[in-house]
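Residue numbers (this note's numbering), protein chains in the order written: chain A, 340 to 692; chain B, 340 to 692.
Given below as structure tokens:
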């Protein structure tokens with residue numbers, strides 16, 4: 340960090356005024372919850388698998404929108420856990436990621452680093468700015484349960500809840516890849532990037548390791564008040580599960596949402612499968628089975644149902660993953676280049692006014 | 340991980356035979372060292388700054404080359420520290436990254452995850468392969484000092500030192516960005532990617548935070564037996580240091596290496612500088628000053644000296660960094676798209692036979 344004293348003058352460090360996140364605009368909520376940093380109220384849905392409950396209380400995809408003219412922005416926040424997985428950065432796993440609107444586009448402005456071995460931290464996210472009023476979007480930790488968040492500005496500056504930045508509600512149900520593993524920071528998770536780039540609200544219902552289309556989960560998903568559904572849940576489901584559960588998930592959504600677009604994605608190819616032959620065969624079988632199910636559903640006459648094959652998601656130089664399973668930022672970028680035009684085409688024309 | 344018992348047969352877990360790294364082919368060494376996992380023998384160079392000594396014993400850029408027909412590859416290794424920085428993954432910071440040659444190209448094959456809170460770990464990097472003989476390249480931790488490394492194969496399989504995979508020796512002296520922060524794993528550091536993609540040996544002399552062109556460091560760099568020099572050391576040097584020290588570094592190299600190409604790179608634009616005005620100004624000044632120095636050196640008649648401006652290194656959507664300073668894998672990929680063609684053009688024609 341640059342010191343406040345860069346220019347040789349002993350400037351007095353400004354006092355910081357903190358605002359609780361609950362007084363700002365919450366972004367990315369699938370449904371309202373008692374704990375505002377949860378994505379789903381797990382008490383409202385009976386019979387959810389324990390692994391699912393654990394994931395949906397993590398704050399992946401949530402953000403707060405606010406406006407301020409402060410030259411610096413700070414945060415105090417706490418999460419439930421303390422250690423990132425070996426293939427994720429701590430700032431993505433349990434830190435914060437700030438974007439500010441510039442020239443009409445959301446632009447990266449700073450990250451908040453968590454403290455090693457501690458669940459709470461307090462830090463400067465960005466400083467040294469001019470004092471024009473700015474629209475800010477602060478992404479919460481992707482993989483940890485956020486238990487507290489306050490946004491700080493220099494005392495004397497203004498701060499207030501921001502406008503809701505996105506339109507239309509598109510739920511993405513999926514695996515760790517949806518939740519954002521292994522994006523380098525929370526704003527780089529692919530639903531977050533899609534929202535910023537399209538202006539539509541891609542709601543992150545990624546649940547690392549646990550997107551297995553269980554009946555209770557399908558019923559829960561169908562109950563949500565959204566305009567469209569993207570199902571990126573093949574990576575966590577065994578080939579057998581894919582065959583047994585895809586139709587129920589799609590048809591349950593269709594019953595509750597007669598006209599909402601439903602977009603099913605194949606599983607991203609796992610780079611590890613090029614050498615681990617069993618792993619490669621498993622993904623081929625997952626993707627073959629979901630294609631069979633899609634054909635059946637289309638033949639049964641399910642309307643407004645779309646399919647995105649995964650062939651080009653990671654590019655073809657084999658550098659797009661961190662661990663052979665999860666895209667790195669390069670892999671996510673390539674995936675977005677493939678799916679964004681399709682999603683814009685489908686959602687732009689199919690969502691009911 | 341997939342279990343060994345995926346297909347329902349209780350296969351006997353094979354015993355593992357380990358080979359110390361010293362018996363395999365070391366790749367990426369700038370000079371020989373007593374401790375084979377150091378990049379520089381710090382006792383051989385008097386007066387190096389302490390921060391530089393700390394970095395050059397970290398194993399960033401080193402790898403081992405071997406051949407094996409084992410269906411699985413394992414590793415046992417130790418590093419000196421235990422905690423990755425908040426903006427790096429643990430697998431990049433202190434884990435291992437395996438590539439295997441496939442269809443004539445090096446392809447990602449697996450990572451070895453370090454153990455949380457422990458300096459040593461033992462793990463399977465890849466399994467379930469066919470038993471054809473394969474050429475392997477295992478990258479060492481980027482940011483930690485590696486103290487021990489053994490490569491394991493299934494007992495009864497062959498394993499032997501591999502061929503040296505790259506030709507010509509191109510030293511890259513630079514900051515954390517050269518050392519590989521924040522690539523998602525060690526094989527994604529930009530010198531490593533350049534080596535695999537060009538076949539030339541880009542030797543990583545990145546030293547996070549400490550590439551400040553000190554006289555002792557310049558003398559050390561000039562002493563190395565290499566064919567060409569890439570100087571990506573502007574990010575760590577203050578604008579004043581850039582003006583004061585660039586000429587000495589270039590001229591010292593030129594004296595010892597009358598014809599070796601010397602390529603100077605501007606500092607990557609810091610994304611944080613778009614909002615933090617002082618930070619933005621600092622990078623503009625660094626880059627202006629190095630340009631001035633380059634013009635002077637060229638006017639003085641220094642031959643075979645090249646300059647790569649940084650304008651397009653990160654692309655222009657502001658998504659190419661993890662923290663406003665260090666490229667993420669997407670930023671590194673964009674940087675490689677800019678510098679690789681220039682490097683190939685310069686080095687392909689200018690290095691003496």
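Glycine residues also receive a C-beta, built at the ideal position from the N, C-alpha and C atoms.
One or two residues paired with residue i in a DSSP bridge
i	result
residue 572 of chain A	Residue 572 of chain A is not bridged to any residue.
residue 397 of chain A	The partner list for residue 397 of chain A (beta bridge, DSSP) is empty, contrary to what the question assumes.
residue 444 of chain A	A:441
residue 543 of chain A	A:511
residue 474 of chain B	B:406
residue 415 of chain B	B:461, B:489
residue 666 of chain A	A:660
residue 498 of chain A	A:407
residue 567 of chain B	B:509
residue 522 of chain B	Its beta-bridge partners do not exist; DSSP assigns none.
residue 450 of chain B	B:436
Span of the alpha helix (DSSP H), counted from its first residue to its last, around residue i
i	result
residue 630 of chain B	616-638
residue 436 of chain A	Here residue 436 of chain A belongs to no alpha helix (DSSP H); instead the beta strand (DSSP E) covers 435-441.
residue 518 of chain B	515-518
residue 583 of chain A	578-595
residue 531 of chain A	529-537
residue 560 of chain B	554-562
Spatial neighbours of residue i in its chain, beta-carbon cut-off 7 Å, leaving aside the 5 residues before and after
i	result
residue 612 of chain B	618, 619, 622
residue 659 of chain B	653, 666, 667, 669, 670, 673
residue 553 of chain A	388
residue 441 of chain A	none
residue 487 of chain A	416, 417
residue 661 of chain B	426, 521, 667
residue 556 of chain B	387, 391
residue 538 of chain B	505, 506
Where residue i sits in the DSSP three-state scheme
i	result
residue 645 of chain A	strand
residue 660 of chain B	strand
residue 676 of chain B	helix
residue 490 of chain B	strand
residue 503 of chain B	coil
residue 548 of chain B	coil
residue 369 of chain B	coil
residue 383 of chain B	helix
residue 688 of chain A	helix
residue 340 of chain A	Residue placement at residue 340 of chain A cannot be trusted, given a pLDDT of 38 that sits under 50; what the coordinates show is reported in the next sentence. The answer is coil: DSSP assigns residue 340 of chain A none of H, G, I, E or B.
residue 389 of chain B	helix
residue 682 of chain A	helix
residue 612 of chain A	helix
residue 431 of chain A	helix
residue 671 of chain B	helix
Cβ-Cβ distance between residue i and residue j below 8 Å
i	j	result
residue 490 of chain B	residue 360 of chain B	yes
residue 398 of chain A	residue 510 of chain A	no
residue 682 of chain B	residue 533 of chain B	yes
residue 602 of chain A	residue 569 of chain A	yes
residue 690 of chain A	residue 566 of chain A	yes
residue 436 of chain B	residue 524 of chain B	yes
residue 447 of chain B	residue 657 of chain A	yes
residue 542 of chain A	residue 518 of chain A	no
residue 403 of chain B	residue 363 of chain B	yes
residue 457 of chain A	residue 421 of chain A	yes
residue 548 of chain B	residue 449 of chain A	no
Extent of the continuous beta strand (DSSP E) run through residue i
i	result
residue 405 of chain B	402-407
residue 358 of chain A	355-359
residue 366 of chain A	364-366
residue 602 of chain B	601-604
Nonlocal neighbours in the same chain, by C-beta distance under 8 Å from residue i, ignoring five residues either side
i	result
residue 472 of chain A	406, 407, 408, 497
residue 649 of chain A	604, 605, 606, 607, 608, 626
residue 586 of chain A	632, 635, 636
residue 353 of chain B	411, 493, 494, 495
Residues near residue i in its chain [Cβ-Cβ closer than 6 Å; skip 5 each side]
i	result
residue 550 of chain B	513, 514, 572, 575
residue 561 of chain A	591, 592, 595
residue 527 of chain A	668
residue 429 of chain A	423, 453
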